[in-house]
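Peer 1: My questions will all concern the structure given below.
There are 2 protein chains.
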Amino acid sequence: MTAATSAPADPHGPAARPRRRAGRPAAAVLDQNGITSAALQLIGKSGYDGFTMAALARTLNVAPSALYNHVSSKRDVLVLVQDHLTSFVDVTAFEAGDWEQAVRDWAWSYRDVFSKHTPLIPVIAVLPVADAPKTLAMYEAVSAGFSRAGFPQERIVPAIVAIESFIFGSAYDVTAPADIFDSGTMAASTPHFTAAVQRLAEEGHEKPADVAFRLGLEALLAGLGALRAA
Amino acid sequence: MTAATSAPADPHGPAARPRRRAGRPAAAVLDQNGITSAALQLIGKSGYDGFTMAALARTLNVAPSALYNHVSSKRDVLVLVQDHLTSFVDVTAFEAGDWEQAVRDWAWSYRDVFSKHTPLIPVIAVLPVADAPKTLAMYEAVSAGFSRAGFPQERIVPAIVAIESFIFGSAYDVTAPADIFDSGTMAASTPHFTAAVQRLAEEGHEKPADVAFRLGLEALLAGLGALRAA
DNA sequence: ACCACTAAATGAATGACGTTCATTTAGAAT
DNA sequence: ATTCTAAATGAACGTCATTCATTTAGTGGT
Numbered sequence: 145m146t147a148a149t150s151a152p153a154d155p156h157g158p159a160a161r162p163r164r165r166a167g168r169p170a171a172a173v174l175d176q177n178g179i180t181s182a183a184l185q186l187i188g189k190s191g192y193d194g195f196t197m198a199a200l201a202r203t204l205n206v207a208p209s210a211l212y213n214h215v216s217s218k219r220d221v222l223v224l225v226q227d228h229l230t231s232f233v234d235v236t237a238f239e240a241g242d243w244e245q246a247v248r249d250w251a252w253s254y255r256d257v258f259s260k261h262t263p264l265i266p267v268i269a270v271l272p273v274a275d276a277p278k279t280l281a282m283y284e285a286v287s288a289g290f291s292r293a294g295f296p297q298e299r300i301v302p303a304i305v306a307i308e309s310f311i312f313g314s315a316y317d318v319t320a321p322a323d324i325f326d327s328g329t330m331a332a333s334t335p336h337f338t339a340a341v342q343r344l345a346e347e348g349h350e351k352p353a354d355v356a357f358r359l360g361l362e363a364l365l366a367g368l369g370a371l372r373a374a
Numbered sequence: 145m146t147a148a149t150s151a152p153a154d155p156h157g158p159a160a161r162p163r164r165r166a167g168r169p170a171a172a173v174l175d176q177n178g179i180t181s182a183a184l185q186l187i188g189k190s191g192y193d194g195f196t197m198a199a200l201a202r203t204l205n206v207a208p209s210a211l212y213n214h215v216s217s218k219r220d221v222l223v224l225v226q227d228h229l230t231s232f233v234d235v236t237a238f239e240a241g242d243w244e245q246a247v248r249d250w251a252w253s254y255r256d257v258f259s260k261h262t263p264l265i266p267v268i269a270v271l272p273v274a275d276a277p278k279t280l281a282m283y284e285a286v287s288a289g290f291s292r293a294g295f296p297q298e299r300i301v302p303a304i305v306a307i308e309s310f311i312f313g314s315a316y317d318v319t320a321p322a323d324i325f326d327s328g329t330m331a332a333s334t335p336h337f338t339a340a341v342q343r344l345a346e347e348g349h350e351k352p353a354d355v356a357f358r359l360g361l362e363a364l365l366a367g368l369g370a371l372r373a374a
């Protein structure tokens, strides 16, 4: 309110805001944890389209500009969300024995988590691990499992990156429309492809994205597993 | 030829086919081909950040609103660009003999094309093939190669999807910063991962993204190749 | 108790950007 | 000559992320 310069009052704010009042250096209304979980909740409710800085601020009962005291950009919030989500990825099987099964469990849960958050993939894929501590912790658990399974040191990171790349691509695939391979009017000019699509549709009762993911993952497991020391 | 995405106008009935309608002005300053190549040029010069509808219109000496007579949204333009780029992907090796080498050539060129256009990946990954004729043509060539190589029909599409998912993820990887795996201050708490990263850096002279891509692709080739009929 | 310091919140302003719309323009068809 | 219509125009609009001057209220030092 421009004219309020001389009006010290406004004792209750616009609409009896909860007792949370403004600014002090110590205990804050806002912090990165609060922002992260509010963001996650908002995304769950409104999707990534409804996820705006203004909407996020509203769920926190705060002005949009207040967010910028705790994050430097919207991308920053996405990074926080991404790192938080990574803690839902299951790496427990790497502590136990079987490498193949551990990778399977990890890969499926990783894909399942991020198939609901594909807008984060461009962020994750190029994010320095130092900016995402939980993600780094995941890499540590996975690396340890690969090491224990007899992988040569210099192949561990490339193998993980390869599997991860497959996972990211596959996460998109989960969100594809069911009729994505419908050739429509051009079916006649693409006989091999059209036949293959048709055949798949006849055979499969499982979701196509799952069939492709299983096929690729098992192929990767077989191919990469051969690198392990006997 | 490239009757791409959505028809611009079609103010009459649903099935109003390419039927001749009454008078139309001849001086078509703009069309989808022109828009596509201008877009590609603009993206090459200014990147995807500089790629705005206003900038695109400017390179075409046209008002931004004029674009909407030929495309229905910015996403539409991206679809046109994506389909055009797909024609740069090399599928020629599928006509010749060796399946493994054909997939190798295809996959590397596919990755190389789209690693410079990662903002298109979320678009490609969920785009119905009917909206992208050149992409459909690529699938036909690849499917034919898989079929000729002895793949069982119902595995062809899942295998292609799996490889493609790997390619999309790997395309992002190409654009990752060189220090993406630098654990920074947390190196001490992630010994296995840090050691693996270090070891890779010592060994490798090739670009890390290329090492990972080759490793994953060869694993996929080995694993998927086993599906072929003997 | 006072005071200076400063983190945190506010609300208004800014500048992009995608997109819409009423209107105009100019070939083509009758 | 008149009519029809796709295509172009320029001025909006609404939505965002982000910035900035200003205000507020704990904290630590004296």
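In order, the protein sequence lines correspond to chains A and B. Counting from 145, one number per residue, gives the positions in the first sequence under the numbering used here. Counting from 145, one number per residue, gives the positions in the second sequence under the numbering used here. A virtual CB, placed ideally from N, CA and C, is assigned to each residue, including glycine. Since the model is a prediction, treat every value here as computed from it, not as a measurement.
Can you check whether the CB of Phe195 (chain A) is closer than 7 Å to the CB of Leu186 (chain A)?
Peer 2: Contact: yes.
Peer 1: So Leu364 (chain A) and Ile307 (chain A) are in contact, right, with Cβ under 8 Å, and what is the actual spacing, rounded?
Peer 2: Yes, Leu364 (chain A) and Ile307 (chain A) are in contact; Cβ-Cβ is about 6 Å, under 8 Å.
Peer 1: Verify the CB distance criterion: does Ser216 (chain B) have a CB-CB separation below 7 Å to chain A?
Peer 2: Ser216 (chain B) does not count as touching chain A.
Peer 1: Kindly indicate which residue of B:Pro352, B:Ser327, B:Ala281 has the alpha-carbon position closest to the one of Leu280 (chain A).
Peer 2: It is B:Ser327 whose Cα lies nearest to the Cα of Leu280 (chain A).
Peer 1: Considering only C-alpha positions, which residue in the set B:Gln226, B:Pro352, B:Pro266 is nearest to Ala320 (chain A)?
Peer 2: The shortest C-alpha separation from Ala320 (chain A) is found at B:Pro266.
Peer 1: With a threshold of 7 Å between beta-carbons, can Tyr283 (chain A) be considered close to chain B, or not?
Peer 2: Yes, Tyr283 (chain A) counts as interfacial toward chain B.
Peer 1: Does Asp256 (chain A) come within less than 7 Å of chain B when only Cβ atoms are used?
Peer 2: Judged by the 7 Å Cβ criterion, Asp256 (chain A) is not in contact with chain B.
Peer 1: Under 6 Å Cβ to Cβ from Glu244 (chain B), same chain only, skipping five residues before and after it: list those, please.
Peer 2: Only Leu365 meet the Cβ criterion.
Peer 1: If contacts are defined as beta-carbon pairs under 8 Å, then Gln226 (chain B) and Ile268 (chain B) qualify, I think. What distance do you get, rounded to the angstrom?
Peer 2: Their Cβ separation, rounded to whole angstroms, is 5 Å, which keeps Gln226 (chain B) and Ile268 (chain B) in contact under 8 Å.
Peer 1: Count the other CB atoms within 10 Å of the CB of Gly313 (chain A); is the residue buried (16 or more) or exposed (fewer)?
Peer 2: Classification for Gly313 (chain A): buried.
Peer 1: Just curious, the alpha helix (DSSP H) that Phe290 (chain B) is in, first and last residue?
Peer 2: That run of the alpha helix (DSSP H) goes 277 to 292.
Peer 1: Should Ala315 (chain B) and Arg219 (chain B) be called a contact, given that it needs their Cβ atoms to be closer than 7 Å?
Peer 2: For Ala315 (chain B) and Arg219 (chain B), no; Cβs fall outside 7 Å.
Peer 1: Just the Cα atoms here: how many angstroms apart are Arg202 (chain B) and Ser253 (chain B)?
Peer 2: If I take the Cα positions, the gap works out to 32 Å.
Peer 1: Enumerate in chain order the residues of its own chain whose CB-to-CB distance from Phe258 (chain A) is below 6 Å, with the five nearest sequence positions on each side excluded.
Peer 2: So the qualifying residues of the chain are Ala315.
Peer 1: Alpha carbon to alpha carbon, what distance is there between Asp249 (chain A) and Val355 (chain A)?
Peer 2: Near 16 Å, if we compare the C-alpha coordinates of Asp249 (chain A) and Val355 (chain A).
Peer 1: I need the DSSP call for Arg358 (chain B), collapsed to helix, strand or coil.
Peer 2: Here Arg358 (chain B) sits in helix by DSSP.
Peer 1: Would you please verify whether the beta carbon of Gly360 (chain B) is less than 7 Å from any beta carbon of chain A?
Peer 2: True, the Cβ-Cβ gap to chain A drops below 7 Å.
Peer 1: With C-beta atoms as the reference, is Ile304 (chain B) less than 7 Å away from Ala251 (chain B)?
Peer 2: Taking 7 Å as the Cβ cut-off, Ile304 (chain B) and Ala251 (chain B) do not qualify as a contacting pair.
Peer 1: Report yes if the CB atom of His261 (chain A) is closer than 7 Å to the CB atom of Ala288 (chain B), and no otherwise.
Peer 2: Contact flag unset, no.
Peer 1: Taking buried to mean at least 16 other C-beta atoms within 10 Å of its own C-beta, is Thr334 (chain B) buried or exposed?
Peer 2: The residue in question, Thr334 (chain B), is buried, as its Cβ has 16 or more Cβ neighbours within 10 Å.
Peer 1: Taking Leu222 (chain B) and Gln176 (chain B) to be in contact with their CB atoms under 8 Å, please state how far apart those CB atoms are, rounded to whole angstroms.
Peer 2: Actually they are not in contact, since the Cβ atoms of Leu222 (chain B) and Gln176 (chain B) sit about 13 Å apart, beyond 8 Å.
Peer 1: CA-CA distance, Ser291 (chain A) and Asp234 (chain A)?
Peer 2: Rounded to whole angstroms, Ser291 (chain A) to Asp234 (chain A) spans 18 Å at the Cα level.
Peer 1: Hey, Val273 (chain B) and Phe357 (chain A): beta-carbon distance below 7 Å or not?
Peer 2: No, the Cβ-Cβ distance between Val273 (chain B) and Phe357 (chain A) is not below 7 Å.
Peer 1: Please give the ranges of any alpha helix (DSSP H) in the region 293 to 350 of chain B, keeping only runs that are unbroken, at least 4 residues long and fully inside the region.
Peer 2: List check, alpha helix (DSSP H) in window: 297 to 318, 335 to 347.
Peer 1: Going along the chain, which residues of its own chain have a beta-carbon closer than 6 Å to the beta-carbon of Ala353 (chain B), five neighbours each way excluded?
Peer 2: Closer than 6 Å at the Cβ level, and outside the excluded window around Ala353 (chain B), lie Asp317, Val318.
Peer 1: Just how far apart, CA to CA, sit Ala210 (chain B) and Asp193 (chain B)?
Peer 2: Going from the Cα of Ala210 (chain B) to the Cα of Asp193 (chain B) covers about 21 Å.
Peer 1: Where does Gly191 (chain A) land, buried or exposed, given buried means 16+ other C-beta within 10 angstroms?
Peer 2: Label assigned to Gly191 (chain A): exposed.
Peer 1: Taking the alpha carbon of Arg299 (chain B) as the point to measure from, which residue in B:Leu368, B:Lys351, B:Leu361, B:Ser231 has its own alpha carbon closest?
Peer 2: Answer by Cα proximity: B:Leu368.
Peer 1: According to DSSP, is Asn213 (chain B) helix, strand or coil?
Peer 2: Residue state, collapsed to three classes: helix.
Peer 1: Whose CA, out of B:Val286, B:Ala293, B:Gly241, lies closest to the CA of Arg372 (chain B)?
Peer 2: Measuring from the Cα of Arg372 (chain B), the nearest candidate turns out to be B:Ala293.
Peer 1: Compare the beta carbon distance of Val301 (chain B) and Ala340 (chain A) with 7 Å and say whether it is the shorter of the two.
Peer 2: Yes, Cβ-Cβ distance for Val301 (chain B) and Ala340 (chain A) is below 7 Å.
Peer 1: Applying the criterion that 16 or more other CB atoms from any shown protein chain within 10 Å of the CB defines a buried residue, is Ala237 (chain A) buried or exposed?
Peer 2: It counts as buried.
Peer 1: Exposed or buried, Gly167 (chain B), counting other C-beta atoms within 10 Å across all chains shown (16 or more means buried)?
Peer 2: Reliability fails at Gly167 (chain B), whose pLDDT of 44 lies under 50, so the model's placement of it is uncertain and the value that follows must be treated cautiously. With fewer than 16 other Cβ atoms within 10 Å, it is exposed.
Peer 1: Is Asp193 (chain B) helix, strand or coil when you go by DSSP?
Peer 2: The answer is coil: DSSP assigns Asp193 (chain B) none of H, G, I, E or B.
Peer 1: Report all residues from its chain with a CB closer than 6 Å to the CB of Leu184 (chain B); omit the five preceding and five following residues, and keep chain order.
Peer 2: The residues are Val225.
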